[in-house]
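**Q** Quick one: the structure is below, and I'll ask about it shortly.
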Amino acid sequence: MHPLPELTAFLENLPEPHILFDTQYRILAANAAYRRQFGAQRSVVGRTCYEVSHHYAVPCDQAGESCPLAQSLQSGQRERVLHLHHTPRGEVYVNIELSPLPGPKGESAYFVEKMEPLQVTGTQPEATALIGRSDAFRHMLALVARVAPSHANVLLQGESGTGKELVARAVHEASGRTAHALVAVDCASLPETLFESELFGHERGAFTG
C-alpha cells in the first residue's frame, strides 16, 4: 500500500511533470513541475485525466485513442504512449510513461503518469518544427521518443523532400547530446570512392601509388 500523503510528497519534488490518479481516471495529485509546465488555470485535482488533457467526455480508448491506463489495467505493466495534450499554450505532443502502483491486495490501485513534452513538434506551422496529426505521424514521433535517449544508430529512410533531416534533428534534440552541434552532411556531393575517407578519415599515404 502506498500512503497517499507520502506518495504525493515524493512526486512533488520530482523534476519532471507527474500526476497521480486512480482506476476511475480521477486525478489525486499533480506535482510542481506539472503545474509549472502545463499551467492549468484551475486545479486539476478531482478531475479526470482525459477531461484535463484531451477535453474528452470519455476515456481516451473510447474516443479512438490509445489509453495507457486501460492498457496497464489489462497488462499489469508499465505502459508508454504518445498523446496530443491541450495546454494553456496550445496543443503539445507529450511522451507518456504510466506506472501502476499496487493496492493492499496486490491489484493496480493507483497510477503515476510521467510526462515529457516533445519540444520539436507541434500542430501549428513553425520554421523548424515537425507538424502533423495523422496516425502515421504519431507513430513516427513515438519511435523518435523511444530511440532518442538510447545510443543506438538510427537509419532514416524516405524519398527526397519528406523531412528526414527534420526527423534527424528531432532525434538529436530529444537525445542526451542536444547540447552539442548537429552536423548535417550532403552525401550526394561525395563520390562513392571518397565517401568513407571524407567522413571517417584515412591513413597517410593511403592514396599513393
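The opening position of the sequence shown corresponds to residue 354 in our numbering, with each subsequent residue numbered one higher. Don't be surprised by glycine CBs; every beta carbon is placed ideally from N, CA and C.
Give the range of the beta strand (DSSP E) segment to which His436 is assigned.
**A** On the sequence shown, residue 436 is found 83 positions in, with the first residue counted as 1. Taken as a continuous stretch (DSSP letters only), the beta strand (DSSP E) holding His436 covers 432 to 440.
**Q** How many Å lie between Glu432 and Pro544 at the Cα?
**A** Translated into the one-based positions of the sequence shown, residue 432 becomes position 79. Translated into the one-based positions of the sequence shown, residue 544 becomes position 191. Their backbone Cα atoms lie some 46 Å apart in a straight line.
**Q** For the candidate residues Leu435, Phe490, His533, Ser542, whose alpha-carbon lies nearest to that of Cys413?
**A** The sequence position of residue 413 within the sequence shown is 60, counting from 1. Taking only the C-alpha atoms, the option nearest Cys413 is Leu435.
**Q** Quick one, which of Thr376, Ala537, Leu364, Glu518 has its alpha-carbon nearest Pro455's?
**A** The residue you call residue 455 lines up with position 102 of the sequence shown. The candidate whose alpha carbon is nearest that of Pro455 is Thr376.
**Q** Assuming Tyr446 and Leu471 make a contact with CB atoms under 8 Å, what is their CB distance in whole Å?
**A** Counting from 1 along the sequence shown, the entry for residue 446 is found at position 93. Counting from 1 along the sequence shown, the entry for residue 471 is found at position 118. About 5 Å; that satisfies the 8 Å criterion.
**Q** In the stretch 372 to 437, which residue ranges form an unbroken beta strand (DSSP E) of at least 3 residues, counting only runs that do not cross its ends?
**A** Restricted to the stretch 372 to 437, the beta strand (DSSP E) segments that are unbroken, complete and at least 3 residues in length are 380 to 383, listed in chain order.
**Q** Quick check: the Cα distance between Ala532 and Leu364, rounded to an integer number of angstroms?
**A** For the purposes of this step, residue 532 is taken as residue 179 along the sequence shown, with counting starting at 1. For the purposes of this step, residue 364 is taken as residue 11 along the sequence shown, with counting starting at 1. Rounded to whole angstroms, Ala532 to Leu364 spans 27 Å at the Cα level.
**Q** Check the C-beta distance from Ala523 over to Val500 and give it rounded, since I have them as a contact under 8 Å.
**A** Position 170 of the sequence shown, counting from 1, holds the residue named residue 523. Position 147 of the sequence shown, counting from 1, holds the residue named residue 500. That belief does not hold up - the Cβ atoms of Ala523 and Val500 are roughly 10 Å apart, past 8 Å.
**Q** Residue range of the beta strand (DSSP E) that Ser461 falls in?
**A** Within the sequence shown, numbered from 1, the residue matching residue 461 stands at position 108. Start and end: 461 to 470.
**Q** Over what stretch of residues does the alpha helix (DSSP H) that includes Pro358 continue unbroken?
**A** What you label residue 358 is simply residue 5 of the sequence shown in a count that begins at 1. Start and end: 357 to 365.
**Q** What does the alpha-carbon distance come out to for the pair Gln477 and Gly459?
**A** The residue labelled residue 477 in the question sits at position 124 within the sequence shown. The residue labelled residue 459 in the question sits at position 106 within the sequence shown. Confidence is the limiting factor: at Gln477 the pLDDT is only 49, short of 50, which leaves the residue's position unreliable, though a coordinate-based value still follows. Whole-angstrom Cα-Cα distance: 44 Å.
**Q** List the endpoints of the continuous alpha helix (DSSP H) containing Ser487.
**A** Indexing the sequence shown from 1 puts residue 487 at position 134. Neither: Ser487 is in no alpha helix (DSSP H) and is coded neither H nor E.
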